[in-house]
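In this note's numbering, the protein residues as written are 31 to 272. Where a beta carbon is used, it is the ideal one built from N, C-alpha and C, also for glycine. Nothing here was measured: the structure is a model prediction, and the numbers come from that model. Heads up: the structure comes next, in structure tokens.
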């Protein structure tokens, strides 16, 4: 089948960064924003547990946002009506200033421009455990917008997360494309390369490679962001014309 679509991971791929230090810094900023009004350790711990609930969810009838809110609300001593406006303000006012926790480079714009020039449909296949505002902010750090893509996964709309193969299938369903017509580009062996189980081709980006060891998946191609760009421009490897 002819490859028509490229799915790009965001964190560690288009947006150069290490995930763990970023998450640590982001949660510290959230705790600072909430100040002394709440037990920040307990609150941040609950956010982390609700995030894990999203990752473990298998219910296709609930969005990640619904899973998060349900888990959080059932265990929180603080009412949702009190906290959610604060969360919204944080993601709108503070989160956009956190680009210093990442290492944006020009490669993202060059790669996306090259993929478009070659006629590919393109999607941002970022793990949808963040609200829309946070994901759109991260795109802005690399001078891209949601309008640059055919699809951007966010937690308000998605029903699964990585590494659940159902996450990648949902992207295909939304785009009306077969997995075998897609290439998944990402830096994480377990969370991104699992797309191969659906029949997607894969390209492992090595600049900010993450690999927990197990499980391992077959990789069709790998290289740096520069090598990814060259492969798209020259239509080599998984990007070669059928």
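Listed in chain order, the non-local C-beta contacts of residue 196 below 6 Å within the same chain comprise 190, local neighbours out to five positions each way being set aside. Shown here, residue 184 sits in coil according to DSSP, grouped into three states, outside any helix or strand. For residue 143, same chain residues with a beta-carbon under 8 Å away, outside a window of 5 residues either side, do not exist. The three-state secondary structure of residue 222, taken from DSSP, is coil.
Going by C-alpha positions, residue 116 is about 24 Å away from residue 49. Of the other Cβ atoms in all chains shown, 16 or more fall within 10 Å of the Cβ of residue 46; this residue is therefore buried. If the five residues before and after residue 57 are omitted, its C-beta is found closer than 7 Å to the C-beta atoms of 74, all from its own chain and listed in chain order.
The C-beta distance from residue 128 to residue 51 rounds to 12 Å, too long to meet the 8 Å contact threshold. Cβ neighbours of residue 137 within its own chain (closer than 6 Å, five residues either side excluded): 255. If you look at residue 151, you'll find it isn't in any alpha helix (DSSP H); it sits in the beta strand (DSSP E) that goes 151-154.
Annotated three-state conformation of residue 216 is strand, per DSSP.
One thing to note: residue 80 has its Cβ no nearer than 9 Å to the Cβ of residue 53. In the DSSP assignment, residue 163 is bridged to no other residue. Per DSSP, the unbroken beta strand (DSSP E) holding residue 232 starts and ends at 231-235. Residues 181 of the same chain have their beta carbon placed closer than 7 Å to that of residue 204, with the five preceding and five following residues left out of the count. Its chain contains 36, 37, 38, 39, 43, 233, 235 and 258 as the residues whose beta carbon lies nearer than 7 Å to that of residue 215, once the 5 sequence neighbours on both sides are disregarded; these appear in chain order.
Only residues of its own chain outside the window of five on either side were considered, and among them 37, 153, 155, 181 and 183 have a CB closer than 7 Å to the CB of residue 201, listed in chain order.
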